[in-house]
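So the structure is just underneath, and the comments pick up after that.
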């Protein structure tokens, strides 16, 4: 038994190393005073300075923040409703509609929405189309977290409220909402993170107008790699890591949710 | 609930489930149907689509509906090859993920309870960093001037093998895929392994089973549902992925996703792009059905 544990521990340690070393390298090179991501020269903050003087990057960051706030707001409301509905009622179609956009390859949703926006809505692609697209796939994540929280609860508290004469709305406001609040906030933070990170769906629904962060990073990687990419990566990592950690602290169901994406 | 009136209950039901249902019908179901419809149309002369009904009788060009794109798909072996290659890349990535994730998931599941959440969080955290950044990290590691590349080529030259380029190769594509989707494999496996009753292993040991036998006859068969759900969670996104081959792959490393992307943003042949997307959807549905069938309870007790 003991020998096997050593094998298990070393295999697991390797897996953790595999997960973390690449990210550590990105962060370390963001402080490296060399144009090449090859060897360590000396410490510098010049890539961060360059980043904050890059007007297009700042616009892209602002746009992505606006998109993430709007999309996570819509997805949180619709997703919480979906989570509540799926927990309380036997619904046939809603669960399929909620989970399918999460489970299928992102490119399919991107393509379908591109065709829909251009052909049916005759929309000029831009911030609005991205917000809609992000809301569509974030609803599922919020719904999963909210439903998971409701599943662990004693149904009788809701019935007790109703027996005492509370209307459905009052029951929701005084009992259900406070109970699911951690899950709702965690879902909102998750959606925010997913939205600001999403590349594939954004790539298809963004059109030619406003720059957005993931597509901007993609262009930088494809066209000219400078450690500015490392700098923006490090900052973005800091932001999303904070959000995920807060989300996990609020509701540990988030850890289960991650299995879906 | 019934006491308060069935009618009121039904109103509440629709008030709660209605808005997300309508939103998803409009922005998910309709777009998917549009995609199906688009695959049956002719491409326009300058990209996009040809009109369904020709504006004037004398107008040139094709219009109406057709199965032409499907014929094209099945007539050219190139597309079958790309699909086959995508399946190979997806299977390889899934298998490597499984091999790497299993010991990790097992270790977490057998750790003390108070450490488990932290260990799971450590698996999830890298996933929280931007998807492109995680791919980009491997551009640095596998780049020709990197320490890793020098090391590998140093070892190879010691054996008299010519130096290799790691970046822009199928190898880099698979490394990237495994890196991006490894957490998807760890979490369902852990969720499954955590529920195993340790008494089963004790019983097996009392009956004289060694460590390997205990794993192969007890833990592994019981973990199959977790293996299947993790495999699906890795296989499906890898199958449709275009960004990893786009960034880490060479010119020949084209997968289904790259083909679809090119139809929409390169050559602008929407009908054929939609056809490819429909084919990918069918593949995904088939895999989901297969895994559901494999993971059905009967096969677990049999295993």
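Residue numbers (our numbering), protein chains in the order written: chain A, 0 to 260; chain B, 2 to 304.
Ideal placement from N, C-alpha and C gives every residue a C-beta, glycine not left out.
Rounded to whole angstroms, the Cβ separation of residue 137 of chain A and residue 194 of chain A is 6 Å, and the two are in contact under 8 Å. Residue 46 of chain A is outside the set of residues whose beta carbon lies under 9 Å from a beta carbon in chain B. Going by DSSP, residue 154 of chain A is part of no alpha helix (DSSP H) at all; its letter is neither H nor E. With a 10 Å radius around the Cβ and a threshold of 16 neighbouring Cβ atoms, residue 133 of chain A comes out buried. For a Cβ distance threshold of 9 Å, residue set 109, 110, 113, 114 and 203 of chain A lies close to residue 265 of chain B, ordered along the chain.
For residue 42 of chain B, the three-state secondary structure derived from DSSP is strand. Taking residue 264 of chain B as reference, the option from B:88, B:195 and B:277 with the minimal CA-CA separation is B:277. Listed along chain B, no residue sits closer than 8 Å to residue 250 of chain A by beta-carbon distance, the nearest being about 12 Å off. The DSSP-derived three-state label of residue 140 of chain A is helix. Taking residue 106 of chain B as the centre and dropping the five residues before and after it, the same chain places the C-beta of 187, 190, 191 and 194 closer than 7 Å to its C-beta, in chain order. At a cut-off of 9 Å between beta carbons, residue 236 of chain A contacts chain B. Contact check for residue 192 of chain A against residue 129 of chain B passes: the beta carbons are separated by less than 9 Å. Here residue 215 of chain B is buried, its C-beta having at least 16 other C-beta atoms within 10 Å. Chain-order list of chain A residues neighbouring residue 282 of chain B: 103 and 107, by C-beta distance under 8 Å.
DSSP places residue 197 of chain A in the coil class of the three-state scheme, outside both helix and strand. In the three-state reduction of the DSSP assignment, residue 160 of chain B falls in the coil class. About 11 Å separates the Cβ atoms of residue 240 of chain B and residue 83 of chain B, ruling out a contact at the 8 Å cut-off.
For the C-beta of residue 271 of chain B, the chain A residues within less than 8 Å are, from N- to C-terminus, 114.
9 Å or more divides the Cβ of residue 28 of chain B from the Cβ of residue 90 of chain A.
With contacts defined by Cβ atoms closer than 9 Å, residue 109 of chain B and residue 120 of chain B form a contacting pair.
Proximity of residue 146 of chain B to chain A, defined by a Cβ-Cβ separation below 9 Å, is satisfied. Residue contact check for residue 159 of chain A against chain B: no CB pair falls below 9 Å.
In the structure shown, the three-state DSSP call for residue 254 of chain B is coil.
The Cβ atoms of residue 190 of chain A and residue 228 of chain A do not sit closer than 9 Å to each other. Secondary-structure assignment with DSSP links residue 265 of chain B through no beta bridge to anything.
Taking C-beta atoms under 8 Å as the contact rule, residue 75 of chain A and residue 186 of chain A qualify, at a distance of about 6 Å. Our two residues, residue 230 of chain A and residue 51 of chain A, have alpha carbons roughly 10 Å apart in a direct line.
Chain order gives the chain B residues near residue 118 of chain A as 35, 39 and 50, where near means a beta carbon separation below 8 Å. For secondary structure counted as the alpha helix (DSSP H) over 4 or more consecutive residues, the region 113 to 197 of chain B holds these complete runs in sequence order: 114 to 129, 132 to 143, 148 to 159 and 171 to 195. Cβ neighbours of residue 30 of chain A within its own chain (closer than 6 Å, five residues either side excluded): 42. According to the DSSP assignment, residue 221 of chain A belongs to the alpha helix (DSSP H) that extends over 212 to 222. Neighbours of residue 60 of chain A in chain B, taken as residues at a C-beta separation under 9 Å, are lacking, since the least C-beta distance is about 12 Å. With three or more CB-CB distances shorter than 8 Å, the region 91 to 107 of chain A counts as touching the region 18 to 28 of chain B. Your pair residue 220 of chain A and residue 248 of chain B checks out as a contact, with CB atoms roughly 6 Å apart and the cut at 8 Å.
Rounded to the nearest whole angstrom, the CA to CA distance from residue 172 of chain B to residue 236 of chain B is 17 Å. Not flagged as an interface residue toward chain B: residue 227 of chain A, since no C-beta distance is shorter than 9 Å.
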